[in-house]
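A short worksheet on the structure shown next.
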Ligand code: NAD
Ligand code: UD1
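Residue numbers (the UniProt record's numbering): 1 to 349.
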C-alpha cells in the first residue's frame, strides 16, 4: 500500500502523539493540527526525536474553518485521524456547552472542510463510554448505546453524525463515498517504551493509572479506591486496560481496512479496541508493586458517581475485520507507564 499523508488532529496529545510515532515509523507523512489546549508542542519534538523524522505542525483549532481549509489546500491529505477534543467526564458535566462545541461542532467543521477538499477517509476516536449499562459486562459493537454524561453523549452524537454522512452517500450515489472507522477505546494506559512520550495530565488526575503513578512517585499521598462493595471478584471496579501503543496500532490497521476492498463502496463501522479482559483496581495496585517494586498507599472511599462495576470489550470484530488484537500485557503497560513517569516527573514541563 502506498503510504499517503495523514492529518492527525489532536496529535500533540497523549494518544495522538503515540499515533504520530507509529505513522512515521510505518512510512506515512504526518501533518498535525492541535490548539495545544491540553498539550505541549514538546511532545511533537519528542515524536521527531524517537522516529528521526520530521512532521508538519499547525497550531490551530479545528473549529477555525479558514485555518483548517488552508491546511487541506497546502497538504496532500488522504486520511484524517481525529483525536482532537475534550475528554474529562467531570468537567463535561460542569461545562456541557464547551464539550459539545469542541467535540461535536469541531467534528462538524472538520467533516465539512474534508468534504470540500474531497478527503473522505476518517478514523475517529470514540469511546467505550458510548455504551449504556447493559445486562452484560462485556460490550460488543451491537450492545445498546446510552452514555450517561455530556462527554459520552458528545461521542455518541459524533458517531450518529458520521453514520448519517455515510448513509447519505447511498441516497445521493456519491462517487467518492465516506470511509469511516469509529474506534471505541476501552482504558488506554502505558507509554512509548522510550519513555520520551506519555500521558501528562493537568492537575490532579481523574483516571486510575496517572493517579497511581503520582502516588508511587510521592507527588500524591494516597490513592482513593472508589468502592470495594461492587459485585466483582474483590469488590473493586474492573476495567479493560489497553496499552496505548497497541491502541494506536489499531488505528493503522483501520487505515489499511479503509483502503481495502472491504470499504470499496464506502461505509461507517464501529470497532471496539480493547483486550477483552479486565483487571480490578486492587489487581492493578498489586501488579504495580510486582513490576516496579513500589507499594501504592491506598484508602477505600465511597463509590464515584457514574462508575460501572465492570466493563470490558468483546474485541472479536476488530480481529476479524481489522486483523488487530492487543499484543502487550498488563506488566508492559505498568513498566512503560512507570518508565515515562520516572524520566519525566514533571511531565513535559
Ligand atoms: P488529550 O487531551 O491528551 O489529546 C487531545 C488533543 O486535542 C490535545 O492535544 C488538545 O490540545 C487537542 N485539542 C482539543 N480540542 C481541540 C480543538 N478544538 N482544536 C484542536 N485541537 C484540540 O487526550 P487523549 O487522551 O490523547 O485523547 C484523544 C482522543 O481520544 C480524544 O478525542 C478522547 O476523547 C478520546 N478518548 C480518550 C480516552 C482516554 O482514556 N485517554 C478514552 C477514550 C477516548
Ligand atoms: C474513565 C471515564 C470514561 C472514559 C475512560 C477511558 C470517568 C467517570 N469515566 O472511565 O468516560 O471513557 O476513562 O479511559 O472518568 N479509580 C479509583 N481511584 C481513582 C481513579 C479511578 O478507584 O482515583 C477506579 C474507578 O472507580 C474505576 C477504575 O479505577 O473502577 C478505572 O477508572 P478510570 O481510570 O477513571 O477509568 P473509567 O472509570 O473506566
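No residue lacks a Cβ here, since even glycine has one placed at the ideal position from N, Cα and C. Keep in mind that this is a model prediction, so the values were computed, not measured.
**Asked** In chain order, which alpha helix (DSSP H) runs of at least 4 residues are fully inside the segment 257–321?
**Response** Taking 4 residues as the shortest admissible run, the segment 257–321 contains the following complete alpha helix (DSSP H) segments, listed from N- to C-terminal end: 281–292.
**Item:** Closest residue to residue 278 among 132, 308, 125 (Cα-Cα distance)
**Value:** The count along the chain shown starts at 1 and reaches residue 278 at position 278. Measuring from the Cα of residue 278, the nearest candidate turns out to be 308.
**Request:** Run the proximity test for residue 239: is its beta-carbon closer than 7 Å to any non-hydrogen atom belonging to ligand 1?
**Result:** Taking the first residue of the chain shown as 1, we reach residue 239 at position 239. At a threshold of 7 Å, residue 239 does not count as near ligand 1, since its beta carbon sits no closer than that to any of the ligand's heavy atoms.
**Request:** Report the option in 59, 77, 24 whose CA atom is closest to the CA atom of residue 51.
**Result:** Here residue 51 corresponds to residue number 51 of the chain shown, with the count starting at 1. Comparing Cα positions, the closest option is 24.
**Asked** Which first and last residues belong to the alpha helix (DSSP H) in which residue 14 is found?
**Response** Position 14 of the chain shown, counted from the first residue, corresponds to residue 14. Start and end: 14–25.
**Prompt:** How would you write the range of the beta strand (DSSP E) that residue 126 sits in, first residue to last?
**Reply:** Translated into the one-based positions of the chain shown, residue 126 becomes position 126. Where residue 126 is concerned, the enclosing beta strand (DSSP E) stretches over 121–127.
**Message:** Whole angstroms are fine: how far does the CA of residue 22 sit from the CA of residue 248?
**Reply:** Position 248 of the chain shown, counted from the first residue, corresponds to residue 248. Position 22 of the chain shown, counted from the first residue, corresponds to residue 22. One C-alpha to the other measures close to 7 Å.
**Message:** Less than 8 Å between the beta carbons of residue 129 and residue 100, yes or no?
**Reply:** In the chain shown, residue 129 corresponds to position 129, counting from 1. In the chain shown, residue 100 corresponds to position 100, counting from 1. Contact flag unset, no.
**Residue from 339, 186, 62, 93 with nearest C-alpha to residue 81** = Mapped onto the chain shown, residue 81 falls at position 81. Nearest of 339, 186, 62, 93 to residue 81, Cα basis: 62.
**Asked** Do the segment 272–290 and the segment 317–335 touch if we need at least three Cβ pairs shorter than 8 Å?
**Response** Three or more beta-carbon pairs drawn from the segment 272–290 and the segment 317–335 are found closer than 8 Å, and the two stretches are therefore classed as touching.
**Item:** Where residue 301 falls, given that 16 or more other Cβ within 10 Å makes a residue buried
**Value:** By 1-based counting over the chain shown, the position of residue 301 is 301. With a threshold of 16 other beta carbon atoms within 10 Å, residue 301 falls short and is exposed.
**Request:** Return yes when the Cβ of residue 13 is within less than 8 Å of the Cβ of residue 41, no when it is not.
**Result:** Indexing the chain shown from 1 puts residue 41 at position 41. Indexing the chain shown from 1 puts residue 13 at position 13. It is not a contact, given that the beta carbons lie outside the stated cut-off.
**Request:** Answer yes or no: the CB of residue 62 versus the heavy atoms of ligand 1, is any distance below 7 Å?
**Result:** Here residue 62 is taken as the residue at index 62 of the chain shown, counted from 1. If you check the C-beta of residue 62 against ligand 1, you find a heavy atom less than 7 Å away.
**Message:** To the nearest angstrom, how far is the alpha carbon of residue 280 from that of residue 75?
**Reply:** Taking the chain shown and counting its residues from 1, one reaches residue 280 at position 280. Taking the chain shown and counting its residues from 1, one reaches residue 75 at position 75. Cα to Cα, the separation comes out at about 45 Å.
**Message:** Can you tell me whether residue 168 is buried or exposed? The criterion is at least 16 other CB atoms within 10 Å of its CB, across all chains shown.
**Reply:** In the chain shown, the residue the question calls residue 168 occupies position 168. The residue in question, residue 168, is exposed, as its Cβ has fewer than 16 Cβ neighbours within 10 Å.
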